[in-house]
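Positions 795 to 1005 (this note's numbering) are the ones given, in order, by the sequence shown.
Note that the Cβ used here is the ideal one computed from N, Cα and C, for glycine as well.
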Amino acid sequence: MFTGIIEEIGKIKGVKTSGDNLLLSIAAKNILEGTKIGSSISVNGVCLTAVSFGKNDFTAEVTKETLQRSNLRKLKSGDIVNLERPLKADSRLDGHIVMGHVDTVGIIKEINKGGGFWSLAVEVPEEYIKYIVDKGSIAVDGISLTVTECKNNIFTLNIIPHTFEMTILKDKKTGDEVNIEVDVLGKYIEKMHFSGKKEITKEFLNENGYF
């Protein structure tokens, strides 16, 4: 799992098809430290497995299902991506728990700057809006952010300049797709509700893969 605190911006060096899958070669530096073949790396919020390494890059394979569910299918050489290594057991959780399993893509409807921050409005498919709440956490292209307001199927975010400039948000424009991962606790609560369970216990979370 990840925290949603982006460590580095990488650049796509190459995109190659492999059957129904896609091989992404990504130039990076910091996140290569301590990373080996088989390691997980979050790329725009998608948990991918490193399958090979160069001197200053790594290659990860993206499955057909992930391509259909995320914006990785649109990547091309020269594009930039958010990168993060997995959370260590002894690390501080500065963002929120991000699994790296993208739920859907959202569409940027507005980007505005004012009042010392950037405001971003994102539209998501109607079936996912139930998991998004005011002041709740959400991962957008792998970035841990707090929802300012949620209305109909559009939610808004207020983003501080540091986060905006240190991630690929700085290159986004109206109409662009962003990967969305809703807070996993909301999905567990929904499952608990429909399963007839009355409370979240350690056993319930363990049964559903949280531990």
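Query - the segment 799-819 contacting the segment 848-864, beta-carbon criterion three pairs below 8 angstroms - result: yes
Requested in this report: List the endpoints of the continuous beta strand (DSSP E) containing F949.
Outcome: 948-953
Requested in this report: Would you kindly work out how many angstroms separate the C-alpha atoms of K907 and G848, rounded to a whole number?
Outcome: 39 angstroms
**Report entry** Check whether V840 and S864 have beta carbons under 9 angstroms apart
**Finding:** yes
Requested in this report: State the Cα-Cα distance for the pair G930 and G900, rounded to the nearest angstrom.
Outcome: 17 angstroms
Query raised in the report: What number of angstroms, rounded off, separates the C-alpha of I954 from the C-alpha of T961?
Result: In a straight line, the C-alpha of I954 is about 11 angstroms away from that of T961.
Query - Completely contained beta strand (DSSP E) runs for the segment 893-955, where each covers 3 or more residues - result: Taking only runs of at least 3 residues, the beta strand (DSSP E) segments lying wholly in the segment 893-955 are 898-908, 911-917, 931-934, 937-945, 948-953.
Requested in this report: Could you tell me whether the Cβ atoms of V875 and Y925 are closer together than 9 angstroms?
Outcome: Contact flag unset, no.
Query raised in the report: Do K807 and A821 come within 9 angstroms of each other at the CB atom, strictly closer than that value?
Result: yes
Query raised in the report: Buried or exposed: D928, going by 16 or more other Cβ atoms within 10 Å of its Cβ?
Result: Its Cβ having fewer than 16 others within 10 Å, D928 is exposed.
Query raised in the report: With 16 other CB atoms within 10 Å as the buried threshold, where does D965 fall?
Result: exposed
Report task. Counting only the same chain and skipping the five closest in sequence on each side, list residues whose C-beta sits under 7 angstroms from that of K903. Result -> A915, V916, E917, I948, T968
**Report entry** Separation of V845 from D851, as counted between CA atoms
**Finding:** Cα to Cα, the separation comes out at about 11 angstroms.
Query raised in the report: Considering only residues of the segment 797-858, which uninterrupted beta strand (DSSP E) runs meet the minimum length of 3 residues and lie entirely inside it, listed in chain order?
Result: Runs found: 802-812, 815-821, 834-837, 840-847, 851-856.
Report task. Check each candidate in N946, D935, I937 and name the one with the smallest Cα separation from E921. Result -> N946
**Report entry** Pairwise C-alpha distance: T860 and C944
**Finding:** About 26 angstroms.
Query - Residues near S833 in its chain [Cβ-Cβ closer than 8 angstroms; skip 5 each side] - result: T843, A844, R879, P880
Query raised in the report: Quick one, are the C-beta atoms of L877 and I803 less than 9 angstroms apart?
Result: yes
Report task. Pull up the DSSP beta-bridge partners for V875, would you. Result -> G804
Query - Simplified DSSP assignment, three categories, for I974 - result: strand
Query raised in the report: Hey, would you say I1006 sits closer than 9 angstroms to S938, going by beta carbons?
Result: The structure shown does not extend to residue 1006, since the chain is modelled only from 795 to 1005, so the question has no answer here.
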